[in-house]
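Chemist: Encoded as structure tokens, here's the structure I'll be asking about.
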Amino acid sequence: MLKRFSGRRRALMLAGSIFLALGHPTATWGQAAHVDQRSALESRFISGLSAAGYGENMKELTSRPTYPGSPFSAELAAKILARFRSYGWNAKVETYEIPYPRVTTQAVELLGPRPFKAALRESPVPGDAYTLQDKEIIEPFFVMGPDGDVTAPLVYVNFGLRDDYARLAKMGVDVRGKIVIARYGRLFRGGKVELAAEHGALGVLIYSDPHEDGYFVEPTYPEGQGRTPTGVQRGSVLQGKFLGDPTTPGYASKKGVQRLPVFSEKSNFARIPAVPLSYSDAQPLLEALHGQVVPESWRGALPITYKVGPSEAKVHLLVQHDRRMVTIRNVIATLRGSEFPDEYVIRGNHHDGWVFGADDPHSGHSAMLEEARSLGALYKSGWRPKRTIIYASWDAEESALIGSSEFVEDHLEDLRSGGVIYLNTDMAGVGSIALEGASTYSNFATRLLKDVKDPDSGLSLWDRFKLAHLHDIYAEATAGSVTGGGSASGVDFSSDRIRLGIPGYGSDHQAFFAIAGMGGLNSAFFGDSAGNSSGAYHSDYDDYEYYTRFMDPGFRYGMALAQLNGLAVLRVASAHTLPVEFTAVAEQVDAEVKRLVSLNDRLAEAIRHDDSDVRSGAYIALNDPRRPRLAPPIRPAPSLDFAPLERAAARIEACARAYAQARESGLLPTRGPDVARLNRALMAVDRAFLRSDGLPGRPFYRHEMYSPGRVWDSPPFPAVSDAMSDGDWETARKQIPLAAATLNSVADAIDEATKVLVQLRKTRGATN
Ligand SMILES: [Zn+2]
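Here's what the structure looks like:
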């Protein structure tokens, strides 16, 4: 195992602790060391987890398609409910009514001299019986998009990012009045559709290019795990105006509530029609494009010359939906807390999939059920958590986080007053641990990672994570966030602690962070090698057969995920004082301020560059009439003052240091009321990141750092950076002091926690 690292130059530069570890793996990092740190209770929890049980749950709960409103969906919820009850939990189903417009007619056709009609269908795979269940498999489509019938020339927009449209403009290509075709990757599909609409496109096609997802990366299924030529990534194209049901902004979509009309201007549906395509359907459309050859970084892996377009032949895009409403079912299971019943430790994973959903979501969901089984066994034997534990099996995550968001809207007061932590998983994955979330839990998370063993290497998850970050053998390991959109986590080697990345948009943690202001973590394993992502994602092929062959045979990583999250639940639910601290908060805030300043530098530099190209006459002198370039307009360069944010970040650091000193200099309270008082003060720190009036134009998003950006990305301080990215410098200038005010209230909340701690020691004489 250690041979993998020998002889590498960077190994010589390792920090002391790593060097020690490489020399004496068992003494310092081995199992003996971490087993000692687990209590007897934790050991009983771990031994109650079963890979066989995990596999049985996955197999049974993915036997038929699981999308909201599917023939199996009510039975699926009933099965999950019965499991929780048999494990000893108090469980119930909470229902909501949501629009789930299903496609009735869908067509994508190339007109003109070489007509082509897209199949929009996934072919069954020989040897995989799941793919033959034709009657119940939902057709490939985008949910939460409008009806549309448009005929227009086609333009290729690469990934469909803001920068891609800027590049097209310089190439003299206007997407107004066109249909655009974008490849998947880099941005949530709903963000791609919204950016296309903002640039004046009439419709959008999004396809999986084999360069990112197909034969260029992996042999295709069933030979390997790569996406098949007809495989389509379904998904939601919801806008980012608010979370949850697109017709009930800010309140729970109970039966009979007032709703915005479906597909209306105010609702959160996508604004222009869109259709997902396989690469076999996309290729003839891309071949029909004329115009300039694309920039090199825009090229995919299809055997064609990629051109930007527009096409001479027009494309006809037709989508029509029914107006069906469906009942969605969250299964909510509870173990009541013995000391602090109004404080909640919440663990969630969704149960709806696009088709069978073995990887997404049942690889994570089966882990969650195993934890519930083992915690239930502890409960049956007489153990009682101090805090109330809630296990939640969400519905309609794939329609854009709807089940979990409705739950948060429905129970907002309880969550804001007593929500301690939200622990999310979705797809389990394999490889090194990937973790993102609230930095209040950075120390806590690091300790957990030290106490769970990586199935492949036998190292702790923490040691494998650190090695992945120190070595560039697998650069992809550290490149992304857990579920997309967030910023990557890292290692703070000086304090041997994880630097948690900003949570991305991609799963059910979003509403708990962005609306309720709870702390929490989102975890998965992440492939260290370039090509071990699932080519079955959101397709017909994401089934038990595929999962057990290619993803996690034996469910070893699924079990590690159950250990990690179950231990997290046990520890937070059993702690006297909440295991939060604020030094890492100061670091994360500081890193976000720096990310904002560097975004500004990048935008300013691009503007200066453009201006100098124009003023120097280069555009005219160097113009190649065969590949003409349009001069960009001269724009004002931004002048923003980030000092208020920098000062507030420095204040948080000072306050965090004062709290750490106070905490280290004496014992913590143990009496119930004192503990509760301190814990309320500690919880208030995460809550202080909420703005009372929400983000500009998006009042239901309240978190200053963990709310998604307007197009579902995770920019630093979205209130400020969204305006910057839109070139709206006036709004950005106004938002900086408002964001700084939020940071100052975070500093105040940390100060308050310090005061409470010191005062409790004085008046009661805390003992341990
Ligand atoms: Zn999922």
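All residue numbers for the sequence shown refer to the numbering used here, where the first residue is 526 and numbers rise by one. Here a beta-carbon is modelled for each residue, glycine too, at the ideal position from N, C-alpha and C.
So the beta strand (DSSP E) F932 belongs to, where does it begin and stop?
Modeler: Looking at the DSSP string, F932 is not in any beta strand (DSSP E); the run it does join, the alpha helix (DSSP H), is I927 to D935.
Chemist: Let me confirm a value: S1270 is counted as buried when at least 16 other C-beta atoms fall within 10 Å, else exposed. Which label applies?
Modeler: buried
Chemist: From which residue to which residue does the beta strand (DSSP E) around I1145 run?
Modeler: Unbroken run through I1145 is the alpha helix (DSSP H), A1143 to A1146; no beta strand (DSSP E).
Chemist: A917 and G873: beta carbons closer than 8 Å?
Modeler: yes
Chemist: Starting from Q631, follow its DSSP beta bridges and name the residues at the other end.
Modeler: V844
Chemist: Under 6 Å Cβ to Cβ from Y776, same chain only, skipping five residues before and after it: list those, please.
Modeler: E934
Chemist: Can you grab the Cα-Cα spacing for the pair D1225 / D867, in whole Å?
Modeler: The sequence given here places Phe at residue 1225; Asp does not occur at that position. F1225 and D867 have their C-alpha atoms some 25 Å from each other.
Chemist: Specify, as a first and last residue, the run of the beta strand (DSSP E) that P624 falls within.
Modeler: It spans N615 to P624 - the beta strand (DSSP E) in which P624 sits, taken as one unbroken run.
Chemist: Should S1012 and T950 be called a contact, given that it needs their Cβ atoms to be closer than 8 Å?
Modeler: no
Chemist: Mind checking which residues open and close the alpha helix (DSSP H) that includes L1124?
Modeler: T1108 to R1140
Chemist: Regarding H996 and ligand 1, is the C-beta to nearest heavy atom distance less than 7 Å?
Modeler: no
Chemist: Along the chain, where does the alpha helix (DSSP H) that runs through S1250 open and close?
Modeler: P1243 to S1250
Chemist: So, helix, strand or coil for V1200, using DSSP?
Modeler: Here V1200 carries a helix assignment [DSSP, helix/strand/coil].
Chemist: Here's the rule: buried if 16 or more other CB atoms are within 10 angstroms of the residue's CB, otherwise exposed. What is E1112?
Modeler: buried
Chemist: Roughly how many angstroms separate the alpha carbons of V787 and R848, rounded to a whole number?
Modeler: 8 Å
Chemist: Leaving out the 5 sequence neighbours to the left and right, which residues in its chain are closer than 8 Å to P835 when beta-carbon positions are compared?
Modeler: Shown here for P835: same chain residues with a beta carbon closer than 8 Å to its own, the five before and five after excluded, namely P678, L679, V680, V698, K703, L814, H815 and G816 in chain order.
Chemist: Which of the three DSSP states, helix, strand or coil, is assigned to M893?
Modeler: helix
Chemist: Who's in the neighbourhood of ligand 1, going by beta-carbon under 5 Å from any heavy atom, listed in chain order?
Modeler: D885, P886 and D951
Chemist: Hey, how far is the Cα of I797 from the Cα of S967?
Modeler: 41 Å
Chemist: Assess, as a yes-or-no matter, whether the region 1251-1271 is touched by the region 1160-1169 under the definition of 3 or more beta carbon pairs within less than 8 Å.
Modeler: A contact exists between the region 1160-1169 and the region 1251-1271.
Chemist: Going straight from the alpha carbon of N582 to that of Y1066, what length do you get?
Modeler: 19 Å
Chemist: Please look up how many angstroms separate the CB atoms of L1165 and A1244, rounded, as I've assumed it's under 8 Å.
Modeler: Rounded, the Cβ-Cβ distance is 13 Å, inconsistent with contact.
Chemist: When you compare only the Cα positions, how much space is there between R692 and V633?
Modeler: 26 Å
Chemist: Helix, strand or coil for L995? Go by DSSP, reduced to three states.
Modeler: helix
Chemist: Could you check if V729 is buried or exposed, using at least 16 other CB atoms within 10 Å of its CB as the buried criterion?
Modeler: buried
Chemist: Between the Cα of M952 and the Cα atoms of Y1082, T772, V1210 and S929, which residue gives the shortest distance?
Modeler: Answer by Cα proximity: Y1082.
Chemist: For R1022, name the three-state secondary structure that DSSP assigns.
Modeler: Three-state result, R1022: strand.
Chemist: Is the beta carbon of F1037 less than 8 Å from the beta carbon of G1045?
Modeler: Cβ distance < 8 Å, so F1037 and G1045 count as in contact.
Chemist: Using 8 Å for Cβ pairs, my map puts V833 next to M1043. What's the rounded Cβ distance?
Modeler: Not confirmed; about 45 Å, so no contact.
Chemist: With a 10 Å radius around its C-beta and 16 neighbouring C-beta atoms as the bar for buried, classify A607 as buried or exposed.
Modeler: exposed
Chemist: Give me the DSSP bridge partner(s) of T745.
Modeler: G751
Chemist: Which residues does DSSP list as the beta-bridge partners of L730?
Modeler: I706 and V800
Chemist: Excluding sequence positions up to five away, which residues of its chain have a Cβ less than 7 Å from the Cβ of H549?
Modeler: Caution applies to H549, whose pLDDT of 34 falls short of 50 and renders its modelled position unreliable; the model cannot decide the point.
Chemist: So what does DSSP say about E1229, is it helix, strand or coil?
Modeler: coil
Chemist: Which residue wins for smallest C-alpha separation from S789, given the options T676, T591, D672 and R854?
Modeler: D672
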